[in-house]
Amino acid sequence: MARKVRLRNPALKQRAAGGAPDVPSTPHVQTPSSVPASPADTGPVLPQHLLEHPQDYRFFQAARLLQLLQPESAPLGRFEDPSKEAVRFSAHQTLGYPASEIQALDVPESGQPKMAVNFLGLTGPVGELPVTYTSYITERLRAGDRTAAEFFDLFNHRLTSLFYRSWEKYHFQVPYERGEESGLSDTLLHFVGLGTPRLQNRQDIPDESLKFYAGLLSQQPRSAIAMQQILTDYFDVPVEVVQFVGSWRKLDPGSLCLLDDDPDAVPAARLGLGAVAGDEVWDQQSTMRLRIGPLTLDRYREFLPDGAAFPALRALARFISRDEYDFEVQLVLKREEAPGCLLGAEGEDAPQLSWLSWIKSKPMDRDPDDTVYRLWEVA
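Residue numbers in the sequence shown follow full-length UniProt numbering, run continuously in steps of one, and reach 379 at the last position.
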């Protein structure tokens, strides 16, 4: 039978009862406050059950949770002082058949937790050394002498720590949730085009968010469907990317056709070759429209040019499209959320022409989608 854990460390007991360790935020997205945070933002909570019944847990999960519970401790299996690591490992000194991976977990009042394992060690149930060594150690333990056991545990701790580290190497999320950078993180940044340090942390959105979409952002060329999926997931609202919207584009002064131009000097002045009447031309393919919604009124305000979500929306659109296209944003408000227009209102209720102003005498029969603005032309 596994020995029951002793809970004497007040800090660990408090955290196990419901507190969460201080884990760095790993945003899948960083959006306005109304958007649910990434699960990693809440931090893991060590269950009381682990401290009371450690034998019910797999070794890797238990060691991982103990590290998260003590973020100030040194990572296991590195070239650090073992006394600064999150847990001290030892081999269970017995010749009996092991019933679980973990035999016991002891949390002293001060110092590091101690975990006795059954699956690895120089001595013990699966010890690499001859059984004589385990028999000798158990005899000394019965006599109250722990010298031999603690000597072998110097090596057992290192072996078990390296075993855990080898597992952690192929589970990249484990060091990541502790806030450590990994080779995979750098690889994902290369996939999205931010592998060079001078290109990183220059967006209005965190680079951590872009890593999550590396699979879509690494596709060449980037598609409208990929943009639609990224925006929908990032903001947690319905987004439709409408292509080939078309728009009038201003001509550069040097491209205008003037009556007194020299046809040999200005190609635009030649009829049938480049002459254009006016200072604008219709471009059918360079503008896309981001139709967002239907939205609640609070979310609708966030996507207005002075809203909290606007900088991230503009940054994502620019990063995905690489500035190759112009964008219009069309906001769709849920019909039941449309406010009436009240003259003289102040604050959030103040009417904003073309953004938050509807004259109505009865409930609307459709979701209003009148608000359209050009993404690059607003401050």
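C-beta atoms are modelled at their ideal positions from N, C-alpha and C, and glycine is treated no differently. Since we're looking at a predicted model, the values are computed, not measured.
(1) Once the 5 residues before and after Asn201 are set aside, which same chain residues still bring their CB inside 8 Å of it?
(2) Does the segment 285 to 295 come close enough to the segment 238 to 250 that 3 or more CB-CB pairs lie under 8 Å?
(3) Are the C-beta of Trp167 and some C-beta of chain C separated by less than 8 Å?
(4) Am I right that Leu129 and Thr138 are in contact with their C-beta atoms under 8 Å? What's the rounded C-beta distance?
(5) Look at the alpha carbon of Arg165 and the alpha carbon of Gly121, and state the distance between them as a whole number of angstroms.
(6) Is Ser361 helix, strand or coil when you go by DSSP?
(7) Looking at Trp358: is its Cβ nearer than 8 Å to the Cβ of Ala338?
(8) Kindly provide the ranges of any beta strand (DSSP E) runs that are 3 or more residues long and lie completely inside the segment 240 to 325, ordered along the chain.
(9) Out of Thr147, Glu109, Asp153, state which residue places its alpha-carbon closest to the alpha-carbon of Asn118.
(10) Would you check if the segment 367 to 375 and the segment 292 to 310 touch, i.e. whether three or more CB-CB distances between them fall below 8 Å?
(11) Taking its Cβ as the centre, do 16 or more other Cβ atoms sit within 10 Å of Ser135, making it buried, or is it exposed?
(12) Using alpha carbons as the reference points, say which of Pro71, Phe212, Ala315 lies closest to Phe191.
(13) So, does the segment 51 to 61 touch the segment 141 to 149, judging by three or more C-beta pairs under 8 Å?
(14) In chain order, what residues of the same chain lie with their CB nearer than 8 Å to the CB of Ala148, ignoring the 5 residues before and after it?
(15) Sort out for me which residues DSSP pairs Tyr133 with in a bridge.
(16) Tell me which residue opens and which closes the beta strand (DSSP E) that Ala74 is part of.
(17) I need the DSSP call for Leu356, collapsed to helix, strand or coil.
(18) Looking at C-alpha atoms only, which residue of Gln285, Leu51, Asp252 is the closest neighbour of Leu69?
(19) What number of angstroms, rounded off, separates the C-alpha of Asp306 from the C-alpha of Leu297?
(20) Using a 10 Å radius around the Cβ and a threshold of 16 neighbouring Cβ atoms, would you call Phe151 buried or exposed?
(21) Taking all protein chains shown into account, do 16 or more other C-beta atoms lie within 10 angstroms of the C-beta of Pro221, making it buried, or fewer, making it exposed?
(22) By a C-beta neighbour count over all protein chains shown, 10 Å radius and 16 as the cutoff for buried, is Ser209 buried or exposed?
(23) Tell me whether the beta-carbon of Asp283 lies closer than 8 Å to the beta-carbon of Arg318.
(24) In this structure, does DSSP put Ile102 in helix, strand or coil?
(25) Please name the residue or residues paired with Tyr373 in a DSSP beta bridge.
(26) Could you spell out the range, first to last residue, of the beta strand (DSSP E) harbouring Lys211?
(27) What would DSSP say about Ala224, mapped onto helix, strand or coil?
(28) Using three-state DSSP, classify Arg88 as helix, strand or coil.
(29) Tell me the residue span of the alpha helix (DSSP H) that contains residue 386.
(30) Between Pro113 and the rest of its own chain, which residues show a CB-CB distance below 8 Å, the 5 nearest in sequence each way excluded?
(31) Does DSSP put Lys169 in a helix, in a strand, or in coil?
(32) Ala143 by DSSP, collapsed to three states: which one?
(33) CA-CA distance, Pro24 and Pro98?
(34) Which residue marks the beginning of the alpha helix (DSSP H) containing Ala62, and which one marks its end?
By the coordinates alone:
(1) Counting from one through the sequence shown, the residue named residue 201 turns up at place 201. If we look at Asn201 and ignore the five residues flanking it on each side, its Cβ neighbours are Asp207.
(2) yes
(3) Chain labels in this structure do not include chain C; a single protein chain is all it has.
(4) In the sequence shown, residue 129 corresponds to position 129, counting from 1. In the sequence shown, residue 138 corresponds to position 138, counting from 1. In fact, because the Cβ distance is near 13 Å, the residues do not count as touching under 8 Å.
(5) Translated into the one-based positions of the sequence shown, residue 165 becomes position 165. Translated into the one-based positions of the sequence shown, residue 121 becomes position 121. Cα to Cα, Arg165 sits roughly 16 Å from Gly121.
(6) Counting from 1 along the sequence shown, the entry for residue 361 is found at position 361. In the structure shown, Ser361 sits in coil (DSSP, three-state: anything other than H, G, I, E or B).
(7) In the sequence shown, residue 358 corresponds to position 358, counting from 1. In the sequence shown, residue 338 corresponds to position 338, counting from 1. In this structure, Ala338 lies closer than 8 Å to Trp358 by Cβ.
(8) 247 to 250, 280 to 283, 287 to 295
(9) As a working mapping, residue 118 is identified with position 118 in the sequence shown. Checking every option, the nearest Cα to that of Asn118 belongs to Asp153.
(10) yes
(11) On the sequence shown, residue 135 is found 135 positions in, with the first residue counted as 1. The residue is exposed, with fewer than 16 neighbouring Cβ atoms inside 10 Å.
(12) Position 191 of the sequence shown, counting from 1, holds the residue named residue 191. Of the candidates Pro71, Phe212, Ala315, the one whose C-alpha sits nearest the C-alpha of Phe191 is Phe212.
(13) no
(14) By one-based count along the sequence shown, residue 148 stands at place 148. Hits under 8 Å: Tyr136, Ile137, Arg140.
(15) Translated into positions along the sequence shown, residue 133 becomes position 133. Bridge partners of Tyr133: none, in fact.
(16) To locate residue 74, count along the sequence shown from 1; it is residue 74. Taken as a continuous stretch (DSSP letters only), Ala74 belongs to no beta strand (DSSP E), as it is neither H nor E.
(17) Start at 1 with the first residue of the sequence shown, and residue 356 comes out as number 356. Coil, per DSSP.
(18) Locating residue 69 in the sequence shown gives position 69, counting from the first residue. Ranking the options by Cα distance to Leu69, first place goes to Leu51.
(19) Your numbering for residue 306 matches position 306 in the sequence shown. Your numbering for residue 297 matches position 297 in the sequence shown. Using only the alpha carbons, I get a separation of about 14 Å.
(20) Against the sequence shown, residue 151 aligns to sequence position 151. So Phe151 counts as exposed.
(21) In the sequence shown, the residue the question calls residue 221 occupies position 221. Result: exposed.
(22) Residue mapping note: residue 209 aligns to position 209 of the sequence shown, counting from 1. Its Cβ being crowded by 16 or more others within 10 Å, Ser209 is buried.
(23) Position 283 of the sequence shown, counting from 1, holds the residue named residue 283. Position 318 of the sequence shown, counting from 1, holds the residue named residue 318. It is not a contact, given that the beta carbons lie outside the stated cut-off.
(24) For the purposes of this step, residue 102 is taken as the residue at position 102 of the sequence shown. Residue state, collapsed to three classes: strand.
(25) Sequence index remark: in the sequence shown, residue 373 carries index 373 (1-based). Paired residue(s): Val329.
(26) In the sequence shown, the residue the question calls residue 211 occupies position 211. Per DSSP, Lys211 belongs to no beta strand (DSSP E); it is in the alpha helix (DSSP H), 207 to 212.
(27) Working through the sequence shown from its first residue, we reach residue 224 at position 224. Of the three classes helix, strand and coil, the one that applies to Ala224 here is helix, per DSSP.
(28) On the sequence shown, position 88 is the one that residue 88 refers to. Note: Arg88 maps to strand in three-state DSSP.
(29) Nothing can be reported for residue 386: it is not among the residues displayed for the chain, which extend from 1 to 379.
(30) Counting from one through the sequence shown, the residue named residue 113 turns up at place 113. Within the same chain, Pro113 has close Cβ partners Asn9, Leu12, Leu66, Ala86, Val87, Arg88, Leu105, Asp106, Val107.
(31) By one-based count along the sequence shown, residue 169 stands at place 169. It is helical.
(32) Taking the sequence shown and counting its residues from 1, the one referred to as residue 143 is at position 143. DSSP places Ala143 in coil when its eight states are reduced to three.
(33) Here residue 24 corresponds to residue number 24 of the sequence shown, with the count starting at 1. Here residue 98 corresponds to residue number 98 of the sequence shown, with the count starting at 1. Here Pro24 scores only 38 on pLDDT, less than 50, and its place in the model is too uncertain to base an answer on.
(34) The residue labelled residue 62 in the question sits at position 62 within the sequence shown. Ala62 -> alpha helix (DSSP H) spans 59 to 69.
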